[in-house]
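Numbering (our numbering), first residue to last: 3 to 157. C-beta atoms are modelled at their ideal positions from N, C-alpha and C, and glycine is treated no differently. Since we're looking at a predicted model, the values are computed, not measured. Data block below; observations after.
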């Protein structure tokens, strides 16, 4: 009887872990920028974003593409969706990014440079999991505000 109870508890814990994994996984995968739908003030092109699971429940984010001048862009971020700032590597926009889970399909992001917030936004994955929208507001080095809306298709 005790063995059955332990097996039941183990199965229940496994089910909770699986459900938590699938709930967090709406953002996992590779996403390709849909340039025709997107409105990007800074003119990024051919951008792809890849989310993978990292160590200890962290997410790894890799962004690759080209800027408005055709120069290659690549930056990475690794951290938890816990609302705390984690280091970005290779980004000219910021040096830290905080990502906070709003619900199964939506995250809020805040990008900082030298301790100052330079960009905020939301990332929302469609209910069918095939597309996502990234809405951001950024203040550039000259104090000018940019509002972008980027559409991505899952690859």
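Contact set for residue i: own chain, Cβ-Cβ below 6 angstroms, skip 5 residues either direction
i          : result
residue 49 : 35, 67
residue 7  : Here the model assigns residue 7 a pLDDT of 46, short of 50, so the residue's position is not dependable and the matter cannot be decided.
residue 18 : Its pLDDT being 38, under 50, residue 18 is placed unreliably by the model, and the measurement read from it follows with that caveat. Cβ within range, chain order: n/a, list empty.
residue 79 : 63, 90, 99
Where residue i falls, given that 16 or more other Cβ within 10 Å makes a residue buried
i           : result
residue 123 : buried
residue 104 : exposed
residue 94  : exposed
residue 148 : exposed
residue 1   : The requested residue 1 is not part of the displayed model; the chain covers only 3 to 157.
residue 44  : exposed
residue 128 : exposed
residue 138 : buried
residue 145 : exposed
residue 22  : Residue placement at residue 22 is flagged as unreliable, the pLDDT there being 40, under the threshold of 50; a coordinate-derived value is accordingly withheld.
Spatial neighbours of residue i in its chain, beta-carbon cut-off 8 angstroms, leaving aside the 5 residues before and after
i          : result
residue 97 : 89, 90, 114, 115, 116
residue 29 : 53, 61, 109, 125, 127, 134
Residue i beta carbon near the ligand FMN (any heavy atom closer than 6 angstroms)
i           : result
residue 144 : Among the ligands in the structure shown, none appear at all, so the ligand FMN cannot be discussed.
Given residue i as reference, the closest of the options once Cα atoms are compared
i           : options           : result
residue 31  : 152, 53, 140      : 53
residue 125 : 118, 61, 153, 141 : 153
Contact set for residue i: own chain, Cβ-Cβ below 7 angstroms, skip 5 residues either direction
i          : result
residue 47 : 37, 67, 68
Checklist line | Ordered list of beta strand (DSSP E) runs contained in the segment 61-135, each at least 3 residues | finding: As far as the segment 61-135 is concerned, its whole beta strand (DSSP E) runs of at least 3 residues are 61-68, 74-81, 84-91, 98-105, 108-115, 118-127.
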